[in-house]
Amino acid sequence: MGLLVTQAAFAATLLAPDLPSPAGLRAWNGSDPAARLAVHRNNVVSSLIDAVADSFPVAQELVGEEFFRAMAALFVREHPPRSKILAHYGCEFADFVDGFEPARSVPYLADVARLERARVLAYHAADGDPLKAEKLVEAMSSGHDLGTLQLHCHPSMSVIVSAHAIVSLWAAHQGEGDLSTVDPAAAESALVVRPGLDVLVLRLPPGAARFAIALQTGAVLADAAALAASETADFDLPNALTLLMHHGALISFQFSGSRSQ
Amino acid sequence: MLALGSFAGQHTRRAVPAVPKVRAVAGLPARTGVGLKPEHFRDVLETRPDIGFFEVHAENYMVDGGPFHHFLGRIRAHYPLSLHGVGLSIGTDGPLDEAHLDRLDALIKRYQPASFSEHLAWSSHGEVFFNDLLPVPYDRATLDRVCDQVDRVQERLGRQMLLENPSTYLEFAASTMDEAAFLSEVIRRTGCGLLLDVNNVYVSCVNHGRDALATIDSLPLQAVGEIHLAGFATDRDAAGALLLIDSHGSPVDEAVWCLYAAVLARTGPTPTLLERDNDMPNLPALLAEAQRAEDLMPALAEPMHCGIQWGYS
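For the protein sequence lines, the chains are V and A, in the order given.
Numbered by our numbering, the letters in the first sequence go through residues 13 to 273 in order.
Numbered by our numbering, the letters in the second sequence go through residues 210 to 522 in order.
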């Protein structure tokens, strides 16, 4: 008895560094199997930290590798992957960073992580052919009630609304712009979309984030524009629509039955 | 003196199962291949290197769209493909993940790989995926279970799979047979082929004080459908004994090249993958290392004399 090491017992030790190694493991030379089990414990935790680090390179640069890896190690133990597809791993990371006390001094860290997560999702999202401007012009002159136009967003699109300068911070870490001139406390919203092979990150003008989110959740044009205008008087509908069109964030449209407002 | 391979001069060989219940596919060419990495996508398409095949990790391509599918589709049009799974958890003590099998089936239908392979290991427990290849005890109950899982995989995918021998660091007191006997029995019962990872044989033999060449000779070499070569890292166990870690982060060790030559002398030219997943060199450096494996394939009239003593006891 005591010979059988269940996978449950083995699995339990992988993410818990303080648990003793299960009985029933051995080494040919009679050495303590715990040192050998440590190879697996290290493989699991360090490979998952690497996966997190690969997905959040700017977040890592913002706090430094040592701090980032220590934070990621805690994340990995608290939120190990539930999917065998590692591209899906890390969805809870930004929320974890939000609640991570030692990172409080970098208040924009979690939102930069949200932006980076959106980039990974966009990279692997379903493909879609961007809507051609002529098609939209055709629709606009078709005599339908334009307010009931329902615009379908690209499957790779996401919008991140932040109280921090996430786009400027992210761009400065790509060598675009001077980090020293960025005011992190200036609110920015990001549009992330992959119309072709490359993921785009754009700073959205006032109201455009609300507008894009409304379109993405199925609102007709009139309703989406009204929502954005109620958020800010500066909302510029033609400009927002042109920006989404121009960057391939829209793929198709239909005229829906009615508008709600 | 090593016995000369009776297969020398033959090209691609297929496994000859005792129970021919699975459909064999055409197989990879008896040349060398390398892992296809995103940082090399454009280089590969632009330079079209003369390489036998590319191998990809199946799970990296279980995404809806984007550059991975874009480039794999284009590269597949010019090269044979080996689809290598790292997440199926064939050694699990629970049921196989049928949704994962569905995803593998979709990839196989889309990319028509010449080979599909997975590991003798488990990597998930309950809902948690550990991203590591974890060991199984070599006992009757595990043998029956693994055979059932391999049967199910081959039935669902409608084709033969290759099962890879693992790198191991631990032994189980519950084991009643050695790894070679375990693998031989799985292959005999299920008709699957063997993905012979020569680095894993070397790593495991050093880690458990076994003779690597004797281990090679006790494996069913007639079932080898592909060989893997890779680099390892070194560590020490609690008694200070050498412990090799299968890291895929360095060039192939000279001892592993030597063991590989001994394998080729027995099998003849065999599809061989140079595995590299960490600290990636540039494409030309990777291809040069792969070329070394290919150069060994015809040079089989005389076995390599390495002066290596394979026993460790």
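Just so you know, even glycine gets a beta-carbon here, dropped at the ideal spot from N, CA and C.
- Item | chain A contact for residue 47/V (CB, 9 Å cutoff) | Contacts with chain A at 9 Å (Cβ-Cβ) include residue 47/V.
- Query: Is it true that the CB of residue 126/V sits closer than 9 Å to the CB of residue 106/V?
  - Reply: Yes; because the gap between Cβ atoms is below 9 Å, this pair is in contact.
- In chain order, what residues of the same chain have a beta carbon less than 7 Å from the beta carbon of residue 503/A, not counting five sequence neighbours either side? Take residue 503/A, set aside five residues on each side of it, and the residues of its chain with a beta-carbon closer than 7 Å to its own are 240, 241, in chain order.
- Specify the secondary structure class of residue 463/A as computed by DSSP and reduced to three states. In the three-state DSSP reduction, residue 463/A falls in the helix class (H, G or I).
- Task: Measure how close the beta-carbons of residue 172/V and residue 246/V come, nearest whole angstrom, since I'm counting them as under 8 Å.
- Result: The distance from the Cβ of residue 172/V to that of residue 246/V is about 20 Å, inconsistent with a contact at the 8 Å cut-off.
- Cutoff 7 Å; reference residue 487/A; Cβ partners in own chain excluding five residues on either side: Taking C-beta separations shorter than 7 Å and ignoring five residues to either side along the sequence, the partners of residue 487/A in its chain run 456, 457, 458, following chain order.
- When the Cα of residue 440/A is compared with those of 468/A, 485/A, 405/A, which residue comes out closest? Residue nearest to residue 440/A within the set 468/A, 485/A, 405/A is 485/A (criterion: CA-CA distance).
- Task: Report, in whole angstroms, the separation of the C-beta atoms of residue 225/V and residue 200/V, which I expect to be a contact under 8 Å.
- Result: Contact doesn't hold; Cβ gap of about 15 Å is too wide.
- Any idea what DSSP makes of residue 374/A, helix, strand or coil? Coil at residue 374/A, not helix or strand.
- Message: Whole angstroms are fine: how far does the CA of residue 85/V sit from the CA of residue 23/V?
- Response: Looking at the two C-alpha atoms, the distance is approximately 17 Å.
- Task: Pick helix, strand or coil for residue 38/V, following the three-state DSSP scheme.
- Result: Three-state result, residue 38/V: strand.
- Message: Just to confirm the assignment: which complete alpha helix (DSSP H) runs, minimum length 4, are found wholly within the segment 192 to 269 of chain V?
- Response: Correct list: 220 to 228, 233 to 243, 249 to 258.
- Query: For residue 61/V, which residues of its own chain have a beta-carbon under 8 Å away from its beta-carbon, when the five flanking residues on both sides are left out?
  - Reply: In chain order, 81, 84, 85, 88 place their CB closer than 8 Å to the CB of residue 61/V, counting only its own chain and leaving out the 5 sequence neighbours on each side.
- Verify the CB distance criterion: does residue 123/V have a CB-CB separation below 9 Å to chain A? In terms of beta-carbon proximity, residue 123/V stays away from the interface with chain A, with every pair separated by 9 Å or more.
- Task: Classify residue 413/A as helix, strand or coil using the three-state DSSP reduction.
- Result: Correct three-state label for residue 413/A: helix.
- Item | Same chain only: Cβ atoms within 6 Å of residue 362/A, ignoring 5 sequence neighbours per side | Non-local C-beta neighbours of residue 362/A in its own chain, meaning closer than 6 Å and more than five positions away in sequence, comprise 370, ordered along the chain.
- Query: Is residue 52/V close to chain A, meaning its C-beta is less than 9 Å from at least one C-beta of that chain?
  - Reply: So, interface residue.
- What does residue 19/V reach in chain A if we use C-beta pairs closer than 9 Å? 300, 301, 302, 303, 331, 334, 343, 345, listed in chain order.
- Message: I'd like to know if residue 260/V contacts chain A, where contact means its C-beta is closer than 9 Å to some C-beta of that chain.
- Response: Not one chain A Cβ lies under 9 Å of residue 260/V.
- Below-9 Å beta-carbon distance, residue 317/A vs any chain V residue: Residue-level contact check: residue 317/A does not touch chain V, since none of the beta carbons of chain V fall below 9 Å from its beta carbon.
- Minimum Cβ-Cβ distance from residue 272/A to chain V less than 9 Å: Put simply, the CB of residue 272/A is near chain V, with a gap under 9 Å to one of its CB atoms.
- Counted within 10 angstroms of its Cβ, other Cβ atoms place residue 491/A as buried (16 or more) or exposed: When all chains shown are included, residue 491/A counts as exposed.
- Item | Residues of the segment 363 to 395 of chain A whose Cβ lies closer than 7 Å to any Cβ of chain V, in chain order | Hits within the stretch, in order: 378, 379, 380, 381, 382, 383.
- Task: May I ask you to list, following chain order, the residues of the segment 134 to 149 of chain V that have a beta carbon less than 7 Å from some beta carbon of chain A?
- Result: Listed by position, the residues of the segment 134 to 149 of chain V near chain A (Cβ gap below 7 Å) are 135, 136, 137, 138, 139.
- Message: On the DSSP letters alone, give me the boundaries of the alpha helix (DSSP H) that residue 248/A sits inside.
- Response: No alpha helix (DSSP H) contains residue 248/A, which DSSP labels as neither H nor E.
- Query: Nearest chain C C-beta to residue 99/V closer than 9 Å, yes or no?
  - Reply: You won't find chain C in this structure, because its protein chains are V and A.
- Thinking just about the alpha-carbon of each residue, which of 413/A, 472/A, 354/A is nearest to the one in residue 442/A? Cα-wise, what sits closest to residue 442/A is 413/A.
- Query: Hey, quick one: how far does the alpha helix (DSSP H) through residue 128/V stretch, first residue to last?
  - Reply: First-last of the alpha helix (DSSP H) with residue 128/V: 121 to 136.
- Sufficient close CB pairs (3 or more, under 8 Å) joining the segment 135 to 154 of chain V to the segment 106 to 118 of chain V: Cβ pair count under 8 Å is below three, so no.
- Name the one or two DSSP bridge partners that residue 61/V has. Answer is none; residue 61/V lacks a bridge partner.
- Check distances from the C-beta atoms of the segment 86 to 98 of chain V to those of chain A and list, in chain order, the residues that come in under 8 Å. Using a CB distance below 8 Å, the part of the segment 86 to 98 of chain V facing chain A consists of 92, 93, 94, 95, 96, 97, 98, ordered along the chain.
- Task: Can you grab the Cα-Cα spacing for the pair residue 280/A / residue 129/V, in whole Å?
- Result: Take the alpha-carbon of residue 280/A and the one of residue 129/V: they are about 22 Å apart.
- Query: Between residue 219/V and the rest of its own chain, which residues show a CB-CB distance below 8 Å, the 5 nearest in sequence each way excluded?
  - Reply: If you ignore the 5 residues before and after residue 219/V, its C-beta comes within less than 8 Å of the C-beta of 240, 241, 243, 244, 246, 247, 248, 252, all in its own chain and listed in chain order.
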